Amino acid sequence: MAIDIPTFATTQISLLAAELQAEVDETSALVSLHSPTALQRAGVALTNLAVLSQRTGLGGKTVIELGTDPAFSTSVDLPEHGIRSGDIVLLAEQPPASGKKREVRELEKKGVKGVVTRVGRQNLGVAVEAEEEDRKELPGGEKRVWIVKLADEVTWRRMNGVMERMGRMGEGEYSYFMRVLFGLTTPSPVPGDLSKDEGVGEGRVRWFDPSLNESQKDAIRFALRSEEIALIHGPPGTGKTHTLIELILQLLALHPNYRILVCGPSNISVDNIVERLSPHKIPLIRLGHPARLLPSVLNHSLDVLTRTSEAGAIVKDVRAEMDAKQASIRKTRSGKERKAIYADLKELRKEYRQREKKCVSDLVAKSRVVLATLHGSGGYQLRDEKFDVVIIDEASQALEAQCWVALLSAKKAVCAGDHLQLPPTIKSLNSSASKTAAAGDKKGKVKKDATTTPAAAPVPKGATLETTLFDRLLSLHGPKIKRMLTTQYRMHELIMRFPSDELYEGKLIAAEGVKARLLNQLPDVKDIDETREPLIFIDTQGGDFPEKTEDDEEDGKGVTKRSLYGDSKSNEGEAMLVREHVRCLVEDGGVRSEDVAVVSPYNAQLALLAPLKEQYPGIELGSVDGFQGREKEAVIVTLVRSNTDGEVGFLAEKRRLNVAMTRPKRSLTVIGDSETVKKGSKFLKKWMEFLEENADLRYPDLASLTAATAAAGNR
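If you read the sequence shown in the UniProt record's numbering, its first letter stands for residue 1, the second for the next number, and so on.
(1) Among Thr238, Phe208, Phe8, Gln40, whose alpha-carbon lies nearest the alpha-carbon of Lys507?
(2) Does Glu505 pass the burial test, meaning 16 or more other C-beta atoms within 10 Å, or should it be called exposed?
(3) Starting from the Cα of Pro424, find the closest Cα among Ser334, Phe470, Phe387 and give me that residue.
(4) Taking 8 Å as the cut-off, decide whether the C-beta atoms of Ala652 and Gln605 are in contact.
(5) Assuming Ser600 is part of the beta strand (DSSP E), what are its boundary residues?
(6) Could you tell me whether any non-hydrogen atom of the ligand NAD is closer than 7 Å to the CB of Glu689?
(7) Which residues mark the beginning and the end of the alpha helix (DSSP H) in which Val44 is found?
(8) Express the C-alpha separation of Pro36 and Leu91 in angstroms, rounding to a whole number.
(9) Name the DSSP beta bridge partners of Leu124, please?
(10) Taking only three categories from DSSP, how would you classify Gly542?
(11) Could you name the residues of the same chain whose beta carbon sits closer than 8 Å to that of Ile220, not counting the 5 residues immediately before and after it, in chain order?
(12) Please state whether DSSP places Glu228 in a helix, a strand or coil.
(13) One question on the structure: do Ser278 and Thr373 come within less than 8 Å of each other, judged by their Cβ atoms?
(14) Using only the alpha-carbon positions, how far apart do Pro523 and Ala707 sit?
(15) What is the DSSP secondary structure of Phe650, counted as helix, strand or coil?
(16) For the segment 167-174 against the segment 45-57, are there 3 or more C-beta pairs whose distance is under 8 Å?
(17) Give the straight-line distance between the Cα atoms of Glu164 and Arg158, rounded to the nearest whole angstrom.
(18) Buried or exposed: Met1, going by 16 or more other Cβ atoms within 10 Å of its Cβ?
(19) By DSSP, does Asp362 sit in helix, in strand, or in coil?
(20) Quick one: what's Ile509 bridged to in DSSP?
(21) Is Trp207 helix, strand or coil by DSSP?
(22) Measure how close the beta-carbons of Gln488 and Pro235 come, nearest whole angstrom, since I'm counting them as under 8 Å.
(23) Can you tell me where the beta strand (DSSP E) with Pro664 in it begins and where it stops?
(24) Would you call the segment 628-645 and the segment 666-682 touching, i.e. three or more CB-CB distances under 8 Å?
(25) If Leu46 and Ile83 are in contact, beta carbons under 8 Å, what's the gap, nearest whole angstrom?
(26) Distance check for Pro187 and Leu691, CA to CA, integer angstroms please.
(27) Within 8 Å (strictly less), CB to CB, does Thr238 reach chain C?
(28) I'd like to check one pair, Lys427 with Glu26: are the Cβ atoms closer than 8 Å?
(29) Which same chain residues, not among the five before or five after Lys557, have their C-beta less than 8 Å away from its C-beta?
(30) Per DSSP, what kind of secondary structure is Ala439 in: helix, strand or coil?
(31) For Ser328, does the three-state DSSP call read helix, strand or coil?
(32) Between which two residues does the beta strand (DSSP E) containing Leu261 stretch?
(33) To which residues does DSSP link Val112 through a beta bridge?
(34) State the DSSP-derived secondary structure class of Ile426, mapped to helix, strand or coil.
(35) Is the Cβ-Cβ distance between Val578 and Ala634 less than 8 Å?
(36) With distances taken from CA atoms, which of Leu420, Ala9, Asn694 is nearest His233?
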């Protein structure tokens with residue numbers, strides 16, 4: 001069914017406004033209700049920092065290096081925290097532990113916004129926006145500072161701007177490519193048998209990587225022959241990125257004048273492609289701040305190229321002068337002198353940005369492959385640039401509006417992903433902001449404050465940001481625009497079997513090298529029960545391991561306040577089972593702790609298990625959602641839910657379970673209450689029955705477990 005583009009655009013604007021409002025509300029609630037220390041535990045802040053240095057980064061931005069304040073810590077290492085590269089943060093003088101509640105707006109008046117550019121073990125960098133620095137003096141000196149994570153309004157504004165542009169387009173401005181993607185016309189047909197595309201002569205495919213399997217080759221041939229759109233469906237472990245690398249090389253070989261834009265929703269998804277492309281010596285450039293990038297791709301980053309290329313020589317002298325000014329700020333005690341230095345820096349930044357813009361333009365024009373995050377592709381560096389093909393990796397994890405930031409410059413698109421794993425996380429689905437956006441206020445507008453996008457129209461029934469471009473195109477055009485990768489290189493065959501049969505039509509095949517591999521085949525790992533079984537199910541049925549709702553907590557003075565984990569669930573009995581299983585794997589079995597991960601749908605359960613990270617350095621704890629795209633030798637999944645009503649919450653989403661059960665290579669251990677879980681859905685009932693029939697099934701005894709835990713604690 002064809003989609004009206006202006007209606008689509010206005011719907012997206014409304015949904016994006018609600019989502020931004022939900023993020024802003026969530027941040028405001030966290031900051032106003034909890035202390036800096038509690039916010040750090042929740043992963044949204046880092047406290048007790050000192051400013052170590054300042055330097056000039058890309059775009060003339062000041063990069064502030066932060067580390068632990070020795071007055072408050074005996075360790076030089078940063079404490080455990082959840083701040084990541086790319087996060088938008090507020091850097092401010094740290095408020096006292098006690099005192100009145102901190103509203104975000106009050107904090108913003110005293111601090112500056114920036115982007116986390118690098119996170120190390122002992123320090124991290126924050127790039128301050130030039131406009132912020134021009135308005136305020138940077139925090140620092142002898143004062144203790146902190147950073148707290150904020151909603152990323154820049155990304156939302158960029159998506160909103162693209163949707164507004166699409167909404168204003170007349171029909172005469174729609175490219176044939178756009179018309180296909182909205183069902184206004186049909187995709188150009190592709191021949192059924194593409195194997196004849198191999199051989200010799202013009203236009204023939206000659207493989208750069210002869211190890212590709214037949215499903216990968218078929219997907220590449222299909223993407224090459226598609227005129228407007230091709231979807232590459234890559235289930236877990238099927239070599240999706242490997243396939244995209246070959247596709248890029250083929251496009252460049254077959255079309256010497258092509259320019260390709262490669263994007264993904266996250267920095268790591270883009271960096272993985274840069275890392276694998278770089279040995280092929282093709283002209284490429286990676287947009288994005290270098291401190292967010294993998295070290296192995298830095299030589300292709302704009303920052304390095306603007307320093308080392310011939311074009312970069314024109315900005316080098318201004319940058320050196322700016323760095324000298326930055327250094328002098330820390331040496332002066334005079335407020336008047338500092339003010340004068342800031343004024344000089346403001347002028348230098350203006351000159352720097354002008355020179356750098358010309359340098360960047362020259363570098364981008366010479367690159368045949370440009371790589372950026374989806375929202376990064378909307379930066380000034382690519383303004384008015386056109387591309388023959390846009391390739392989007394992890395397209396099923398990206399908002400559609402995010403994809404269109406890149407797609408408006410395209411003639412053809414190849415989207416790779418897996419719509420049977422989790423879509424992007426949408427916070428507004430159950431928020432008051434979403435309901436407001438859907439209903440509108442009395443004047444038909446969405447309520448907003450100064451931080452949100454402009455008011456938008458009410459949202460049509462059923463519309464949601466969870467519907468990705470990948471989903472919509474499959475629904476619109478069907479399987480004729482898709483090819484699926486079918487050989488997986490990650491999981492033992494038994495771990496793979498259930499998701500293959502229930503979600504991937506039984507089409508997945510385990511590669512010969514992985515189908516029978518076990519933990520006990522790793523170096524120095526002993527052959528015990530926990531290492532010789534690929535699939536273990538510890539069934540807590542019977543009610544001895546009940547769940548708990550983390551809806552309230554006390555502040556230590558008998559005052560109950562809202563928990564950082566909201567109404568998240570935890571299960572102390574399951575946590576004990578996890579700790580015992582980890583102990584068996586690492587201490588008895590000799591498995592390296594860095595080869596083990598514990599995942600759960602519930603953050604409150606992960607909080608219960610946090611001491612494992614101190615006991616077994618290197619072990620990973622993560623939410624199922626956060627672990628998407630990752631893999632480990634051994635994965636323990638704690639399902640948490642155990643109640644008499646058969647309520648399963650998050651577990652009802654089969655895509656979430658698909659992610660959880662497809663992370664391990666050699667060992668998957670599931671801990672949960674089959675009696676509760678079976679009641680959740682037909683899919684869950686089938687999974688429990690599969691585990692009962694095929695896993696090494698164990699029924700724990702609470703008394704024995706408690707005794708074993710006590711004995712371990714006394715060692």
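Every residue gets a Cβ at the ideal spot worked out from N, C-alpha and C, and that includes glycine.
Owing to the predicted nature of the structure, the values given are computational and were not obtained by experimental measurement.
Walking through what the data contain:
(1) Cα-wise, what sits closest to Lys507 is Thr238.
(2) Sixteen is the threshold: since fewer than 16 other Cβ atoms of the shown chains lie within 10 Å of the Cβ of Glu505, the residue is exposed.
(3) Closest option to Pro424, judged by alpha-carbon separation, among Ser334, Phe470, Phe387: Phe470.
(4) Cβ distance not < 8 Å, so Ala652 and Gln605 don't count as in contact.
(5) From DSSP, the beta strand (DSSP E) with Ser600 extends over 596-600.
(6) You won't find the ligand NAD in this model; it holds no ligand whatsoever.
(7) In this chain, Val44 is not harboured by any alpha helix (DSSP H), its DSSP state being neither H nor E.
(8) Between Leu91 and Pro36, the C-alpha separation is close to 12 Å.
(9) Beta-bridge partners of Leu124 (DSSP): Leu66, Val119.
(10) In this structure, Gly542 counts as coil in the three-state DSSP scheme.
(11) Excluding residues up to 5 positions away in sequence, Val205, Leu212, Thr243, Glu246, Leu247, Gln250 lie with their Cβ nearer than 8 Å to the Cβ of Ile220 in the same chain.
(12) Glu228 carries a coil assignment under DSSP once its states are collapsed to helix, strand and coil.
(13) In this structure, Ser278 lies away from Thr373, with their beta-carbon atoms at least 8 Å apart.
(14) Rounded to whole angstroms, the separation of the alpha carbons of Ala707 and Pro523 is 32 Å.
(15) Helix.
(16) With the rule of 3 Cβ pairs closer than 8 Å, the segment 167-174 does not count as touching the segment 45-57.
(17) Looking at the two C-alpha atoms, the distance is approximately 10 Å.
(18) So Met1 ends up on the exposed side.
(19) Reduced to three states, the DSSP call for Asp362 is helix.
(20) Partner(s): Thr487.
(21) The answer is coil: DSSP assigns Trp207 none of H, G, I, E or B.
(22) Their Cβ separation, rounded to whole angstroms, is 7 Å, which keeps Gln488 and Pro235 in contact under 8 Å.
(23) Run containing Pro664: 664-672, per the beta strand (DSSP E) assignment.
(24) These segments touch.
(25) Cβ atoms of Leu46 and Ile83 come within 8 Å of each other, at about 5 Å.
(26) So the alpha carbons of these two residues sit roughly 43 Å apart.
(27) Annotation note: the requested chain C is absent from the structure, which comprises a single protein chain.
(28) Contact flag set, yes.
(29) Low confidence applies here, because Lys557 scores a pLDDT of 43, under 50, leaving its location unreliable; read the following figure in that light. So no residue of the chain qualifies.
(30) Since pLDDT at Ala439 reaches only 39, below the 50 mark, its modelled position is unreliable, and the value read off the structure follows with that caveat. Ala439: helix per DSSP, three-state reduction.
(31) In the three-state reduction of the DSSP assignment, Ser328 falls in the helix class.
(32) Its beta strand (DSSP E) spans residues 260-264.
(33) Under the DSSP definition of a beta bridge, Val112 partners with Leu91.
(34) Coil at Ile426, not helix or strand.
(35) No.
(36) Of the listed residues, the one whose Cα sits closest to His233 is Leu420.
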